[in-house]
Amino acid sequence: MKITFPYWGNYTVAFELLAKKLGFEVIPPQKTTSKTIEKGAKIAPEMYCFPLKVNLGNFLEAIENGADTILMPTALSGSCRLRYYAFVQDKVLKENEKNVNFIVFNQSLDIFSKLKKISGASFLKMVEATIFTLKALDVVEKLERKAWCLRPREVEKGDTDRVLNSAFKRMREVKGFFELLKFEKEILKELNQIRTEKKKVPKVGIVGEIYTVSDHTINFEIEKKLGNLGVEVYREMSLLYHLKKKIFFKDFFIQMKIKPYLGSTVGGHGRDAIYEMLKYVKEGFDGVIQLLPAMCVPPETGITVANYLQKPIKDIKIGEKVLTHKGRFKRVTQKFCRDYRGP
120 MKITFPYWGN
130 YTVAFELLAK
140 KLGFEVIPPQ
150 KTTSKTIEKG
160 AKIAPEMYCF
170 PLKVNLGNFL
180 EAIENGADTI
190 LMPTALSGSC
200 RLRYYAFVQD
210 KVLKENEKNV
220 NFIVFNQSLD
230 IFSKLKKISG
240 ASFLKMVEAT
250 IFTLKALDVV
260 EKLERKAWCL
270 RPREVEKGDT
280 DRVLNSAFKR
290 MREVKGFFEL
300 LKFEKEILKE
310 LNQIRTEKKK
320 VPKVGIVGEI
330 YTVSDHTINF
340 EIEKKLGNLG
350 VEVYREMSLL
360 YHLKKKIFFK
370 DFFIQMKIKP
380 YLGSTVGGHG
390 RDAIYEMLKY
400 VKEGFDGVIQ
410 LLPAMCVPPE
420 TGITVANYLQ
430 KPIKDIKIGE
440 KVLTHKGRFK
450 RVTQKFCRDY
460 RGP
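Listed below in structure tokens is the structure:
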């Protein structure tokens, strides 16, 4: 059995470490490119959302490299159509003569039990692998957060990303929990040694659907682009944040907080987007960017709090047509920075 899974930015490294830890033969998904997106969009149902098309492209490339089994989660709750992805993708791939085995994870506990069953790992081994993976996800998010702060202040442009790119390549070779702790300490030390200027920079919050905001390959590295233009970004929505919300029932608190602005559940983490926007306004952020995957989030999600912002929200629709025009995306980020700095 040669397994693969969807590509998801830097989280992909943590998923790969989990698969290796459980003894699977892994065909890692290749980094998403415009060709990946084109492949997926070509065979996907037209009205389905952008992430589904990207995932299909990831699977097609992995199948070309020998993968015969796809691990695919579904939505844990809410209105996201992710819960139907695996069934639609399986049907679409089979219609295109790609006969692979889909292993679908329906909920968080289901992931644990199914991985235990197909890997043959003991209960203790699964607990160890779970703790290791959660720590790997934590390391990924810590390094990304550190980079948000460093990029707009670094003396030599590109130093932060050189350390970061090297780190995620090296992370793939980490085998145990204590080795992971040592790795984390070493990389944070390297990042702290980057020469920076002590200066105040504009701070912008990024909100939106979790996959779109956290996978740099499909949002055209907006965090990096803004950082290189002298803007510090911040993003609360992340995989660990989403998991903690479910564990500690934070969704109920969020719904109460945003009730004056949105009374119903919407897909694309729309409730979270409004909650985070209100928080950023209160904390004095200079701006907010909402990333919207095509065919997912209704535009009203962003408009509901627009009147409470000092400056207008910038909505950037992410879809296969936009993603094939890198120059256009660059102009959007540059214009955003000019708007907040003034003429």
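Positions 120 to 462 (this note's numbering) are the ones given, in order, by the sequence shown.
Think of the CB as a built atom: it goes at the ideal place given N, C-alpha and C, for glycine as much as any other residue.
In three-state terms, what does DSSP make of residue i?
| i | result |
| --- | --- |
| Y126 | coil |
| E247 | helix |
| G387 | coil |
| F178 | helix |
| V223 | strand |
| K139 | helix |
| Q409 | strand |
| E144 | strand |
| K121 | strand |
| E273 | strand |
| T279 | helix |
Using 8 Å for Cβ pairs, my map puts residue i next to residue j. What's the rounded Cβ distance?
| i | j | result |
| --- | --- | --- |
| G327 | L410 | 4 Å |
| I306 | L269 | Not really, about 12 Å apart at Cβ, beyond 8 Å. |
| D278 | I230 | D278 to I230, Cβ: 37 Å. No contact. |
Between which two residues does the beta strand (DSSP E) containing residue i stretch?
| i | result |
| --- | --- |
| E351 | E351 to Y353 |
| K322 | K322 to G327 |
| L190 | T188 to P192 |
Go through its chain and collect everything with a Cβ distance to residue i's Cβ below 8 Å, but skip five positions before and after it.
| i | result |
| --- | --- |
| T107 | Beyond the ends of the chain as shown, which are 120 and 462, falls residue 107; an answer cannot be given. |
| I146 | K121, I122, T123, A181, N184, G185 and A186 |
Skipping 5 residues on each side, what residues in its chain have a beta carbon closer than 6 Å to that of residue i?
| i | result |
| --- | --- |
| G159 | K172, V173, L175 and G176 |
| E303 | V258 |
| K235 | M245 |
Considering only residues of the same chain and omitting the five flanking positions on each side of residue i, which have a CB-CB separation below 7 Å?
| i | result |
| --- | --- |
| K364 | D370 |
| T315 | L269, R272, E273 and V274 |
| L300 | none |
| P379 | none |
| G142 | S238 |
| I373 | R390, D391 and Y394 |
Would you mind reading off the limits of the alpha helix (DSSP H) that contains residue i?
| i | result |
| --- | --- |
| L345 | I341 to N347 |
| M375 | K369 to K376 |
When you compare the stretch 251 to 266 with the stretch 125 to 142, are there three or more beta-carbon pairs, one atom per stretch, that lie closer than 8 Å? yes
Report yes or no: do the stretch 201 to 210 and the stretch 154 to 171 share at least 3 C-beta pairs separated by less than 8 Å? yes
Under 8 Å: do the stretch 373 to 388 and the stretch 317 to 334 share three or more Cβ pairs, one atom per stretch? yes
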